[in-house]
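These notes concern the structure reproduced below.
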Amino acid sequence: MAVCIIKKGEEIRVFRYRRLGNSMPKEVRKFYSKEKERLERRIHMIERRDRMLIKDRSSEIAVVEEVFDKPTLVTLHYIMRSGDLRRLNGVVSTGKEARIYWGEKEDGSSVAVKIYLTVTAGFKKRLSYIAGDPRFGSVRHGSKNIVMLWAQKEYRNLLTAYQAGVPVPKPHAIKRNILVMDFIGKDGISAPLLGEAEVKESDYRRLVSLIEKLYKDANLVHADLSEYNVFKYGKRLFLFDFGSAVDVRHPLSREFLIRDITNVNRFFGKRGLKVYALEDILKRVMGS
Ligand SMILES: Nc1ncnc2c1ncn2[C@@H]1O[C@H](COP(=O)(O)OP(=O)(O)O)[C@@H](O)[C@H]1O
Ligand SMILES: [Mg+2]
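Residues in the sequence shown are numbered consecutively from 9, following the working numbering.
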């Protein structure tokens, strides 16, 4: 199978077709210039050599847009071939460090595809969330390595939380800088963030109990919790954006936990709800 990604206005379409024979879609045939063929051959070659880390800076030419540099295309190709992704639809969110796309699996179910930008300086400051976590060894230098590690970390955190029964998007696949997980929302529209939703006291109580569950059952502290990293989908809450989450054994986990609780209290306080004292929540979460 071959994959072709075409950007049409805001929409990114991915075509899969048999490399041999006449099955190449008309649109793809039209699109292919000599330049693209050359690129595809090169991607194929790179893939065959199974060189997942490409050191040559000159090979990082933007292809479709800046997220899709060549290694990212190869990775996307790999994930599609392994059956975790059939189609990439529109972009859902364009952050500084990652973009989220709405995608579809072979069985038609919706997934969110988080593509970490490999060319970004913002990751350097994030080292402190990785160094000190006993689950990760020493970090090699180079921002690319940190990005890959960050993506791996988000995947592992999501999986741990999911297996512990914390409501988070179920992770499906991780490869280099691309993470595939359940799409929380409908028809390509993400569920409202907590900050965009009407909230009640029951939401506050639920969120505090999720912080506790995450700590006790998954041994994790989210470390970037706020009304922007919680979905309110119907009556349910989902925690997401787990790149920053740390193991409770991390030396700064208590500080991160305090910050998470403070953010949550501040948000619900602003919405006019009575909140528990920080100390009381801390005792409840960290107490056995
Ligand atoms: N699993 C998902 N399902 C649906 N939408 C998602 C999902 N994950 C992220 N999004 C959308 O993308 C936005 C940014 O995602 P997030 O993981 O918070 O990335 P960032 O690191 O840029 O903050 C979210 O606010 C949400 O709208
Ligand atoms: Mg976020």
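Beta carbons are placed, not taken as given, at the ideal position from N, Cα and C, and that holds for glycine.
May I ask you to check if the CB of N165 is nearer than 7 Å to at least one heavy atom of ligand 2? For the purposes of this step, residue 165 is taken as residue 157 along the sequence shown, with counting starting at 1. Every heavy atom of ligand 2 is 7 Å or more from the Cβ of N165, so no.
Note down the Cα distance separating V82 from P175, rounded to an integer number of angstroms. Within the sequence shown, numbered from 1, the residue matching residue 82 stands at position 74. Within the sequence shown, numbered from 1, the residue matching residue 175 stands at position 167. In a straight line, the C-alpha of V82 is about 31 Å away from that of P175.
Is it the case that the region 271–285 contacts the region 248–261, given that we only count it when at least three CB pairs across the two stretches are under 8 Å? no
Proximity test, G2 beta-carbon vs ligand 1 heavy atom, cut-off 7 Å: The requested residue 2 is not part of the displayed model; the chain covers only 9 to 296.
C-beta neighbour in chain D for P142, strict 8 Å: The displayed structure is made up of one protein chain only, and chain D is not part of it.
Which value, in whole angstroms, describes the spacing of the CA atoms of A226 and L187? Position 218 of the sequence shown, counted from the first residue, corresponds to residue 226. Position 179 of the sequence shown, counted from the first residue, corresponds to residue 187. Near 20 Å, if we compare the C-alpha coordinates of L187 and A226.
Backbone secondary structure at E112 - three-state DSSP: Start at 1 with the first residue of the sequence shown, and residue 112 comes out as number 104. Strand.
Does the Cβ of S309 lie closer than 7 Å to at least one heavy atom of ligand 1? Residue 309 is absent from the structure shown; the chain starts at 9 and stops at 296.
Using a Cβ-Cβ cutoff of less than 6 Å, which residues in the same chain neighbour Y170 once the five nearest sequence positions on both sides are dropped? Taking the sequence shown and counting its residues from 1, one reaches residue 170 at position 162. Counting only Cβ-Cβ distances below 6 Å, and skipping sequence neighbours, we find V176 and K178.
Any heavy atom of ligand 2 within less than 6 Å of residue CB: hits in chain order: Y236, N237 and D249
Length of the line joining the Cα atoms of I87 and N185: The count along the sequence shown starts at 1 and reaches residue 87 at position 79. The count along the sequence shown starts at 1 and reaches residue 185 at position 177. The alpha-carbon separation between I87 and N185 amounts to approximately 11 Å.
Sequence-distant residues of the same chain with beta carbon closer than 6 Å to R59, five excluded per side: If you number the sequence shown from 1, residue 59 lands on position 51. In this predicted model, R59 has a pLDDT of only 35, less than 50, meaning its place in the structure is not dependable enough to derive any value.
Keeping to the same chain, check which residues put their C-beta closer than 6 Å to that of H230; ignore five residues upstream and five downstream. Along the sequence shown, read from residue 1 onward, the residue named residue 230 stands at position 222. Excluding residues within five positions, the ones whose Cβ falls inside 6 Å are A253 and D268.
How long is the line joining the alpha carbons of V207 and I182, rounded to whole angstroms? Numbered from 1 along the sequence shown, position 199 holds the residue referred to as residue 207. Numbered from 1 along the sequence shown, position 174 holds the residue referred to as residue 182. Roughly 33 Å separates the two Cα atoms.
Taking Cβ positions, are V272 and L228 nearer each other than 8 Å? Working through the sequence shown from its first residue, we reach residue 272 at position 264. Working through the sequence shown from its first residue, we reach residue 228 at position 220. No, these two residues do not count as a Cβ contact at 8 Å.
Inter-residue Cα distance where the pair is V99 and H180: On the sequence shown, residue 99 is found 91 positions in, with the first residue counted as 1. On the sequence shown, residue 180 is found 172 positions in, with the first residue counted as 1. Computed Cα separation, rounded: 19 Å.
Go ahead and pull the three-state DSSP assignment for T102. Counting from 1 along the sequence shown, the entry for residue 102 is found at position 94. Strand at T102.
Distance between P142 and G111 (C-alpha atoms, nearest Å): Position 103 of the sequence shown, counting from 1, holds the residue named residue 111. Position 134 of the sequence shown, counting from 1, holds the residue named residue 142. Their Cα atoms are separated by approximately 33 Å.
Going straight from the alpha carbon of I62 to that of K122, what length do you get? Stepping through the sequence shown from its first residue, residue 62 is reached at position 54. Stepping through the sequence shown from its first residue, residue 122 is reached at position 114. Low local confidence applies: a pLDDT of 35 at I62 is under 50, so the model's placement there is unreliable, with the coordinate-based value given in what follows. Between I62 and K122, the alpha-carbon positions lie close to 20 Å from each other.
Who pairs with P179 in a beta bridge, going by DSSP? Sequence index remark: in the sequence shown, residue 179 carries index 171 (1-based). Answer is M189, bridged to P179.
Go ahead and pull the three-state DSSP assignment for V238. Walking along the sequence shown from the start, residue 238 turns up at place 230. Note: V238 maps to strand in three-state DSSP.
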